[in-house]
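Before any comments, here is the structure.
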Amino acid sequence: MRSRAAILDAAVRLLNTRPEAGLQAVAAAAGVTRQTVYAHFPSREHLLTAALDRVTEEAIAAMDAADLDTGPAADALLRLLDAADRTAGRYPVLLQKSHALPADPKADHERHEPVTDRLREVIRRGQEAGEFDGRLSPDWLAVVVIRLAHAASDEAAAGRMPEEEAAGALRVSLLRVLGADESAAARGAGGA
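Using the numbering used here, you'd call the opening residue of the sequence shown number 4 and step up by one each time.
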């Protein structure tokens with residue numbers, strides 16, 4: 004098990020700086036043989052997928068540390084987004100490389116499900132407290148949040164918007180979609 008963890012740690016570090024690095028380079032960085040890498044990951048694609056799962060686990064831990072059960076739901080949502088953004092900011096190259104992976108809808112759904120669960124709970128809490136509009140389901144709104152976050156990230160990555168502007172637009176857009184009051188939207192615009 005330690006070999007697998009060492010390989011994943013090395014893969015996350017190496018693929019974030021050298022996205023085209025091969026399994027031999029990952030093995031060297033992990034201090035194991037290439038055969039050991041293959042014993043855990045039958046292909047580079049499997050290793051890249053596992054590295055993305057590792058980054059997702061890190062993002063989820065950061066979200067959980069953001070104390071999503073306290074304070075206004077709008078503030079909790081913004082803390083969740085900040086936690087996700089900080090994690091993504093540490094792995095920009097690796098996450099960009101993930102877009103080149105063949106899309107497996109089931110695996111993608113499973114990877115996003117823990118994030119979706121946390122979003123859904125914050126949204127549900129906001130609806131129950133009257134902070135967010137309750138006419139749309141938390142399931143739908145969680146999907147919208149994820150899609151808008153990806154859109155903001157794509158705009159910044161493509162250079163069509165500065166990162167700070169994309170983050171601010173995302174915050175205001177999300178709070179408006181959720182039907183948060185204007186003071187929450189104003190706080191969201193200032194927090195970018």
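The C-beta atom is built at its ideal place from N, Cα and C for all residues, glycine as well.
Only buried fits glutamine 130, as 16 or more other CB atoms lie within 10 angstroms of its CB. Residue environment analysis places serine 156 among the buried positions, since at least 16 neighbouring C-beta atoms fall within 10 angstroms of its C-beta. The C-beta distance from valine 147 to valine 118 rounds to 13 Å, too long to fall under 8 Å, and the pair is not in contact. By the neighbour-count criterion, in which 16 or more other beta carbons inside 10 Å mark a residue as buried, threonine 20 falls on the exposed side.
DSSP places leucine 71 in the coil class of the three-state scheme, outside both helix and strand. Inclusion of threonine 90 and alanine 65 in the CB contact set at 8 Å is warranted, their separation being smaller than that value. In this structure, the beta-carbon distance from phenylalanine 135 to alanine 86 does not fall below 8 Å.
If you draw a straight line from the Cα of histidine 153 to the Cα of glycine 162, it comes to about 14 Å.
Boundaries of the alpha helix (DSSP H) around glutamate 158: 141-160.
In the three-state reduction of the DSSP assignment, proline 165 falls in the coil class.
Three or more Cβ pairs closer than 8 Å define a contact, and the stretch 8-23 meets that threshold against the stretch 52-59. Pairing lysine 100 with leucine 50 gives a Cβ-Cβ distance that is not under 8 Å. CA-to-CA, the gap between alanine 53 and glycine 92 works out to about 19 Å. Here DSSP, grouped into helix, strand and coil, assigns tyrosine 94 to coil. Within the same chain, and ignoring the five residues on either side of leucine 17 in sequence, the residues whose Cβ sits closer than 7 Å to its Cβ are Ala24, Ala28, Val29 and Ala32. Counted as a single uninterrupted DSSP element, the alpha helix (DSSP H) harbouring proline 108 occupies residues 108-131. Secondary structure at alanine 183: coil, using DSSP grouped into helix, strand and coil. Residue nearest to isoleucine 149 within the set Glu166, Pro95, Leu177 and Gly171 is Leu177 (criterion: CA-CA distance). Restricting attention to alpha helix (DSSP H) runs no shorter than 4 residues, the stretch 38-87 encloses them at 47-68, ordered along the chain.
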